[in-house]
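*Asks:*
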Amino acid sequence: PAQTYPIAVRVEAYDRTGLLSDITQVVAENKVNILAASVAVGPDHVAVVRATLQVASVSQLARVMGRIEQLKDVLSVSRDVG
């Protein structure tokens with residue numbers, strides 16, 4: 013198997029039914045595995061999704077992050093540096 017790298021990402025989005033499903037569908041469509049994930053929703057109804065993705069390349073990561081960013085109600089997608 014090709015070498016893969018665990019990369020932490022952070023997604024901020026307005027909370028809604030199906031948000032996590034939409035994100036995981038984009039990840040799966042791009043043949044990326046999710047190693048860990050958590051979701052927290054603040055009082056402002058903004059969900060913070062933190063996920064560790066198993067990616068094979070920077071271009072694969074960029075493609076996944078770009079597709080997530082296009083989802084309805086997503087405010088930002090970034091590498092999660094802690």
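The numbering of the sequence shown is the numbering used here, which starts it at 13 and goes up by one. Don't be surprised by glycine CBs; every beta carbon is placed ideally from N, CA and C.
1. Out of Leu32, Ala49, Asp56 and Leu73, which one is the CA nearest neighbour of Ala63?
2. Mind checking Ala25: buried by the 16 CB within 10 Å criterion, or exposed?
3. Residues in its own chain within less than 6 Å of Val60 by CB, not counting five upstream and five downstream?
4. Whose CA, out of Pro55, Val39 and Asp85, lies closest to the CA of Ala74?
5. Among Arg91, Asp56, Lys84 and Leu87, whose alpha-carbon lies nearest the alpha-carbon of Val70?
*Replies:* Quick answer:
1. As a working mapping, residue 63 is identified with position 51 in the sequence shown. Looking at the Cα atoms, Ala49 is the closest of the given residues.
2. The residue you call residue 25 lines up with position 13 of the sequence shown. Under this definition Ala25 is a buried residue.
3. On the sequence shown, residue 60 is found 48 positions in, with the first residue counted as 1. Once the five neighbours on either side are set aside, the close Cβ partners of Val60 are Glu24 and Ala52.
4. In the sequence shown, counting from the first residue as 1, residue 74 sits at position 62. Cα-wise, what sits closest to Ala74 is Val39.
5. Locating residue 70 in the sequence shown gives position 58, where the first residue counts as 1. Among Arg91, Asp56, Lys84 and Leu87, the Cα nearest to that of Val70 is on Arg91.
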